[in-house]
Structure formats: structure tokens, C-alpha cells
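Residue numbers (UniProt numbering): 1 to 482. Reviewing the structure listed below.
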């Protein structure tokens, strides 16, 4: 061990031979490489020594690197590669910093394109124009592998600086999309391809505009709804909506108020629990507040004075769609009892269990009521250390745990207040069918004495009878969490 230690110490201080040049990091290169107009050391110091004070003499079609002694072809400038060794070829790139796939654009006009794309690409372009202006994007070429749901290769446009912002567009195929304008001075373009078919790609020109053009909803009528109340419908309502529909409504009410959104009629293609085909989403601050398909509309009250409603349909089955009204209400208001409809909560479906299935839908119950998930189907890998559904008795994950469920035994669970927070987690191996449940607002059961157990059916039994192996409540709730 002593010999090895001495060997490495000696190696660290070894000198290069008389015919070699020693780089600052200890690397030895042939002496003839010094001042040969090519940076061979990691920092290019072999081209910036006293032996080459005049620097390199680069040709007209070459770029002189920052250390002055290396020439590279001009078309290597701003290509995302550190060709000079000191990053000087990637500086002052005119507002554009390119990577192998994607880029950052800070000029007020430019071209975003990916031609003859390859397999398994995931590229992101971020566009930021002058503050106070709006990013306006127009496609001039568009040829992406076609699929009815654009699951293979696709382009997505986001209304902000990253992919957490509101999605403005997702498309594939050969039809050139219409112009898209962001609601601010930033926009994100993302392209994803799978491992098989490729096409010729896309090209788009962006500019900074002073005003955002009036946006159509895509379903007929304006896409921006302002004022204390209003109505909107899917296209052709009450007749069936079109295939491949994509409609967006931005709803804004007075500052300091919230929005109550009510669906008077709701009939979308039913694909619960995943809603992969047709879906209506309500978004607030870039997050999904509620979503639904089938026959139950997601009545909801927002937290702020602005929401975005997004309706998308695939290329096959269509239904009559929906009719909705909105009105401004005080922040913190709750839905009237007749609008607090039974709502479904589900996992993504068989084989599709991801790391997070958080449903941020917020539907407060009436004062004094509580929510109680009752599971229609339940099939989650057990034991609960692997996959589980945890129900917290309160508004978030810091609230006490009311139940942790796994296996095939999912039954009614009650909370003591008007809010419940559900967390579903899976591990990296086995998956099952998941769960589908409903929750309803109910009157709270009577309060039992401190030395008694309150059954879910409202009965009171002595606390000593909880978990005694007998159904003393009559609904087995005294034996459920044992």
C-alpha cells in the first residue's frame, strides 16, 4: 500500500519529456502541437504561450478563439459545442443559444425548427421577447408522424417559460397549424419523438407583437370571457361536437373575487377513469383544478379571479358536449348543496400507474359536512409498503391519516371535517387495476362521548369494543383500521 501511495504522488508531480508540452492539468502533448493553431490542452493553453505571441492567423471563413491561437470554421460558432475550449465560440450568439436539440431565444424575431428529426428526441425551445410584448408563432412547415391522439411524435406549445405553463397546442400530422399567440412575452415549444417512424419535421417563425390578437375559443365565440358572469358551450351544442376539437376559454372576473363554474349540461365521450379520448380540464395558475369526461361536469369554485377551461376531443366518437355558466363569487365560497355533485376519483388505469396521481380538484362541502370516499372498485398491490392509497383527514398531507388502503379491500372511509386529501403511490415493480371511487358530502354523525367510539353509521359503542374482533357497530367500522 505504501508503494501505491508513493506511485500516485510521483505521478501527480511527473514532468513531461523534453520533446513534450505540459498542459496545466498535467497532460503531456507532443511539443510540435504547441502554437499549431489548434487547442489541444483542455483549456487551450498550448495556443497561448510566449512562443506564439502573435496568435493564430485565421482565414476569412474561420473564427479566432478567445485565447487568440485557435481557428475554427465559422459555421461552428453558436452551435452549442465548446469547439474553442474556452467557450468563446458560444458567446454573443445574437440572442440565440442552441443545443443539439432545442434552444433559448431572446431576440424579438427568429425561427424555431427541427428538420428531418430523429428517433427518441425530446427538444425544448424557450422564447422570450421584449417585456410588454407578446410572442406570436406561425408554422411554415409541419410534417410530424401522424396519430389520432398524437402519442408517438408531437409538437406542444406552452403559454410560458416552461412545460408547466398552460398548454396552448399539441399537434402532429401534415396539416399546418394556425398561428398561436402567447399571453405574455414568453413561450415554450417542445418536440418529442418515439423510437420508430420519423418525418421531415417542422419550421416556425416567431415575432414580438404589441397586442395579443382576439382569440377565438375554437368552439365558436370569443376565447376571452370577462365580467361578473357569462355562458359558453362546446361547438354545435346541443348537437355533437366536432372530431379533433380543441377549445380554450380564459375567464376573468373582478380582482379579489373567485369564479363559480357550473355545468348545466355535460355529455362527453366516456373513458373513465383516464379520459384519454375527450376531456374537459379547468386550469388555475398552470395547475389542473378539475377535469372530467362522461356525464358528470366538474362544477367548481376557483381560488383566484382567473381560470382557463380547455376542451379537447380525439378523432373518433363525439357526443353533444356541454353548456356552462360562470359567475363571480367571494373567495372562499363553497358550492351550493345542489351543485356539490358526486365526483369520481380514479387512478390512471391498468398498467399506467405513474409516480403521482394527485388530483388537485377542490370541491369544498357545506359547512359542518364531511367527505367520504366510497370505493366502487379497488385493486392495489399489497402489502401497503409497495402500493397504497392514503386518505388524510384534512386539506393536505400533513393532516392525520384516516386510512391507508391496499389489496382488494377498499371500502367507505369517513373524515371528521369537510376536507380530505388523498395520496396514491406505487413502487417500481408490480401494478394492478387501481381504483375508482366516489365521494359525497353528508351530514356529520352525532358526537359520541370521549370514552366511546363513533361508528360510521352514527352509532356509539364503548371504546373498549374497538378492534375486539367483533362487529359491534353493525357496519364493521370498529374493526376496519385494526
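Glycine included, C-beta positions come from ideal geometry on N, C-alpha and C.
Name, in chain order, the residues that DSSP records as bridge partners for residue i.
i: residue 430; result: Paired residue(s): none; residue 430 is not in a bridge.
i: residue 71; result: 64
i: residue 155; result: 171, 191
i: residue 123; result: 191
i: residue 113; result: 203
i: residue 248; result: 310
i: residue 176; result: Paired residue(s): none; residue 176 is not in a bridge.
i: residue 326; result: 230, 261
i: residue 146; result: Answer is none; residue 146 lacks a bridge partner.
i: residue 222; result: 216
i: residue 422; result: 391
i: residue 166; result: DSSP, once it has assigned bridges, lists no residue as partnering residue 166.
i: residue 141; result: 203
i: residue 284; result: 287
i: residue 21; result: 29
How should residue i be labelled, buried or exposed, when 16 other C-beta atoms within 10 angstroms of its C-beta is the threshold for buried?
i: residue 197; result: exposed
i: residue 484; result: Look at the range of the chain in this structure, 1 to 482, and you will see that residue 484 is not part of it.
i: residue 430; result: exposed
i: residue 59; result: exposed
i: residue 404; result: exposed
i: residue 385; result: exposed
i: residue 397; result: exposed
i: residue 283; result: buried
i: residue 46; result: buried
i: residue 126; result: buried
i: residue 159; result: buried
i: residue 441; result: buried
i: residue 468; result: exposed
i: residue 256; result: exposed
i: residue 192; result: buried
i: residue 145; result: buried
i: residue 130; result: exposed
Measure the Cβ-Cβ separation of residue i and residue j and say whether it is below 8 Å.
i: residue 299; j: residue 261; result: yes
i: residue 334; j: residue 264; result: no
i: residue 281; j: residue 317; result: no
i: residue 424; j: residue 399; result: no
i: residue 249; j: residue 232; result: yes
i: residue 301; j: residue 291; result: no
i: residue 234; j: residue 322; result: yes
i: residue 228; j: residue 331; result: no
i: residue 128; j: residue 162; result: no
i: residue 104; j: residue 89; result: no
i: residue 406; j: residue 388; result: yes
i: residue 143; j: residue 199; result: yes
i: residue 154; j: residue 171; result: yes
i: residue 41; j: residue 23; result: yes
i: residue 457; j: residue 474; result: yes
i: residue 190; j: residue 156; result: yes
i: residue 240; j: residue 320; result: yes
i: residue 135; j: residue 182; result: yes
By DSSP, does residue i sit in helix, in strand, or in coil?
i: residue 463; result: helix
i: residue 295; result: coil
i: residue 479; result: helix
i: residue 38; result: coil
i: residue 31; result: helix
i: residue 269; result: coil
i: residue 385; result: coil
i: residue 301; result: strand
i: residue 89; result: helix
i: residue 45; result: helix
Cutting at 6 Å between CB atoms, please list the residues of its own chain near residue i, excluding the five before and the five after it.
i: residue 137; result: 180, 204, 206
i: residue 247; result: 217, 218, 219, 311
i: residue 472; result: 461, 465, 478
i: residue 453; result: 461, 463, 466, 478
i: residue 21; result: 29, 31, 34, 46
i: residue 19; result: 31
i: residue 362; result: No answer about residue 362 holds up, because its pLDDT of 46 lies below 50 and its placement is not dependable.
i: residue 226; result: 252
Going along the chain, which residues of its own chain have a beta-carbon closer than 8 Å to the beta-carbon of residue i, five neighbours each way excluded?
i: residue 133; result: 108, 185, 208, 209, 210
i: residue 113; result: 141, 201, 202, 203, 204
i: residue 243; result: 313, 314, 315, 316, 318
i: residue 258; result: 301, 302, 303, 304, 305, 328, 329, 330, 331, 332, 333
i: residue 116; result: 198, 200, 201
i: residue 152; result: 145, 172, 193, 194, 196, 197
Suppose the cutoff is 7 Å on Cβ atoms and the five residues either side in sequence are ignored; what does the same chain contact list for residue i look like?
i: residue 351; result: In this prediction, residue 351 has a pLDDT of 30, which is less than 50 and means its spatial position is unreliable; what the coordinates show is noted afterwards. Counting only Cβ-Cβ distances below 7 Å, and skipping sequence neighbours, we find 431.
i: residue 195; result: 119, 120
Hey, is residue i's beta-carbon within less than 8 Å of any beta-carbon in chain C?
i: residue 117; result: The structure shown contains no chain C; it is built from a single protein chain.
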